[in-house]
Amino acid sequence: MRQYLVRRLLLFAPTLLVASMAIFVVMRLLPGDVAMLILGGDASSPSAQQQIEVYREALGLNDPWPVQYLRWLWSLVNGSFGGESFVDRESLGAIIGRRLPVTLQLAFYAVVISAVVSVPLGVIAAVMQDRPVDYLVRVVTIAGTAVPNFWLALLALLALSLWFLWTPPVFYKNLWEDPSTHLQKVLWPSLILAWGFSANVTRVTRASMLEVLRQDYVRTARAKGLANTVVVSRHALQNALMPVITLSGLQLAGLLGGTVVLETIFGLPGIGQGIVLAATTRDYPVIQSLVMLLVFMMLSLNLLIDLCYGVIDPRLSYR
Amino acid sequence: MAQSTDVLQHPGDAAFTLPPQPNLIARAWDFARRKPLGAFGAVVLLVLVLAAVFADLIAPYDPVAQNVPHRLREPGAQYWFGTDTYGRDVFSRVVFGSRVSLYIGLMSVCIGTAAGVLIGVSSGYIGGKFDLVVQRIVDGLMGFPPLILALILVVALGPSINSVAAALAVTYVPRVVRLARATALSTSQEMYVDAARAIGGSQLHVMLRHVVPNSLAPVFVLATGYLGTAIVAEASLSFLGLGVPPPAPSWGGMMQFGARGYLEAAPWLTVYPGLALSVVVFAFGLFGDALRDVLDPRLRGR
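As structure tokens, this is what we get:
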């Protein structure tokens, strides 16, 4: 186990590096000259040519790719996070400082809601296998994985405005600035994100519980006269949680991807919406640094989950 | 590891004869009886394929022809799903949209599977430094939320149907590589691979004729699941305005069009394409689950 953890830690940096190279190369595939795009795409007159040349030099686009790559990498480390936006010259540090809390709050709510809802639901469905409650849970979870979250979001907005004459506030506020506006703005996207996230978690909790409930030690616990609730919560659930945690880690990718679409629909100024906006304006310093940030978040969370295995399941350390 | 030969000789082997192979219809019927939900999914997918193939015959109107006097008609007898702001029939556009979805789904899965199996199997079979490098690249690409990777690729390649398909294929490749490598590693331990090598089969021959075909079943299950994922991803990208460019009738693009200012005034613009998308993805989910149950021997008999 310790060997595995060391290996896992050592691989973290190379994985990040490969991901950063992938982002950098993809961004260099952008059609057209970036300097030309910024200046409006007109390169016919000699003065415009000259201007483009000046711009290219200023942006460092005349340097060879490896130099540009290393400069970007260094800026990620030294705190300038890849310079500034091409469009409005806002520094990336400021952009991240403004947008990251929004995405973090949204993801946090979604994870908390699903943790509170999905594990108990999965346990109940497993204990009541093949009874109406179980069927209800299964149908709801299958629907949760199948219905695309952006369609669900649109339906929610539509239903709320048609039947309850309610529309979300126009501008986003952080929780510490204006709690009421904040909650009105993030409630629906959090719920929709949580539904998709918890659907799979519930399914795996149910499957894992079903397996554990058939184990001998559960029968033993029952046989010695323990109450059903104690057997389920102490003996079964603790042993069934491992696959649930593994899956939750894998699901984070979907969660972070889902924030992109939901932030755009609900007008939440988070990282995902930032990437989409930057993508439509070809603002590539913003795209590459924001995408790198999401990749970094995802890889660190997965690492953290792997490191937690040993704490959650002490049996692993003896292997 | 000592290989014992008695594994090959079961008691009663001589008396054992193969049952007559059931024909396709009988097998389909058997599948439908054992997995009714999976069969339902299969039927919906069949409808999708038929709609895509015979779109010209099914759709009552041209999906891109504008008819401005008939703009924003509510759903009714003449226009089943209503019309959009250019007077285009939403039903016809949904029917033609199945072509876009299916094309992108199939293209990305086929390209991704072919490339992924090739890379994965050779990585597992060759091993060594090559394997190490491939695995690090796979790790790096798996670090992206899939939708984000597809998004930046589409931005780089420019908006078109084929660049969406290519972007989704690239997103899919690392997942196939990982699975194909793992199955190839266990397959190459099998005795028939040793046998093929022993009779003088070249590295390439053994890999292509023996290892690859025997590593495919799990890859197919993954591919069925990814078809649905790819279709949703295409719709999401088009919905964000970064996928299939208009006027091509893509379900995601239609929903973006409807959601921009017409969500309340003309909800049919958003609701019907989304419904089509949800039903198709739901069907893929049901069919994929059933297929996994049938193909995965560990889950058999549950």
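Residue numbers (this note's numbering), protein chains in the order written: chain A, 5 to 323; chain B, 20 to 321.
From the three backbone atoms N, C-alpha and C, an ideal C-beta is built for every residue, glycine too.
By DSSP's criteria, residue i is part of a beta bridge. Which residues make up the other side?
i               : result
D108 of chain B : B:T102
Helix or strand or just coil, what does DSSP make of residue i?
i               : result
S95 of chain A  : strand
E61 of chain A  : helix
V88 of chain A  : According to the sequence provided, residue 88 of chain A is Glu. The question's Val does not apply to it. Residue state, collapsed to three classes: strand.
K189 of chain A : helix
R118 of chain B : helix
Y80 of chain B  : coil
L33 of chain A  : coil
L256 of chain A : helix
A52 of chain A  : helix
E209 of chain B : coil
I218 of chain B : coil
K148 of chain B : helix
D287 of chain A : coil
V151 of chain A : coil
N233 of chain B : helix
Q133 of chain A : coil
G307 of chain B : helix
R200 of chain B : helix
Q109 of chain A : helix
L230 of chain A : coil
L80 of chain A  : helix
P164 of chain B : coil
G95 of chain B  : coil
D67 of chain A  : coil
R90 of chain B  : coil
G271 of chain A : coil
P178 of chain B : coil
R11 of chain A  : helix
N306 of chain A : helix
Q85 of chain B  : coil
F73 of chain B  : coil
N243 of chain A : helix
Please work out which residues of its chain come closer than 8 Å, Cβ to Cβ, to residue i, disregarding the five sequence neighbours upstream and downstream, and give them in chain order.
i               : result
L33 of chain A  : none
V212 of chain B : T206, V225, H229 and V230
A295 of chain B : V113, G116, S117 and W270
A111 of chain A : L197, L259, L260 and T263
P265 of chain B : G272 and F276
I269 of chain A : F154, A157, L158, L161 and P193
A284 of chain B : L91
Q7 of chain A   : none
For residue i, collect the residues of the same chain with a Cβ closer than 6 Å to its Cβ; drop the 5 residues on either side in sequence, then sort them by chain order.
i               : result
L164 of chain A : W170
V300 of chain B : G247 and V251
G60 of chain B  : A302, L305 and F306
S257 of chain B : V263, S269, G271 and G272
G320 of chain B : Interpretation of G320 of chain B is limited by its pLDDT of 41, a score under 50 that renders its predicted location unreliable; no figure is taken from the coordinates.
L187 of chain B : S127, A169, A249 and A252
V196 of chain B : G135, I138, G139 and V157
W76 of chain A  : G86
G244 of chain B : G307
A130 of chain A : R210, M213 and L214
If residue i sits next to residue j, beta carbons under 8 Å apart, how far is it from one beta carbon to the other, in whole angstroms?
i               : j               : result
L241 of chain B : R194 of chain B : 7 Å
G271 of chain A : Y176 of chain A : 7 Å
L311 of chain A : L9 of chain A   : 6 Å
A58 of chain B  : A51 of chain B  : 4 Å
F16 of chain A  : L256 of chain A : F16 of chain A to L256 of chain A, Cβ: 16 Å. No contact.
V222 of chain A : P247 of chain A : In fact, because the Cβ distance is near 17 Å, the residues do not count as touching under 8 Å.
Q292 of chain A : F28 of chain A  : 7 Å
By Cβ distance, which residues of its chain are closer than 7 Å to residue i, with the 5 residues on each side in sequence left out?
i               : result
A225 of chain A : V235 and H239
E94 of chain A  : E88
Y322 of chain A : Low local confidence applies: a pLDDT of 44 at Y322 of chain A is under 50, so the model's placement there is unreliable, and no value is given.
L236 of chain B : It is Ala, not Leu, that sits at residue 236 of chain B in the sequence shown. Cβ within range, chain order: L314.
Y80 of chain B  : D108 and S111
Q22 of chain B  : With a pLDDT of 44 at Q22 of chain B, under the threshold of 50, the modelled position of that residue is not reliable, and the figure given next carries that caveat. The residues are M210.
V106 of chain A : Y176, L272, P273 and G274
Return yes when the C-beta of residue i is under 7 Å from any heavy atom of the ligand ATP, and no when it is not.
i               : result
T149 of chain A : Of ligands this structure carries none, so the ligand ATP is not represented either.
Sequence ranges, alpha helix (DSSP H) only - wholly within the stretch 242-286 of chain B, length at least 4
Entirely contained in the stretch 242-286 of chain B, the alpha helix (DSSP H) runs reaching 4 residues are, in chain order, 270-278.
Complete runs of the alpha helix (DSSP H) confined to the stretch 156-228 of chain A [at least 4 residues]:
The stretch 156-228 of chain A is shown to contain whole alpha helix (DSSP H) runs of 4 or more residues at 183-217 and 220-227, in chain order.
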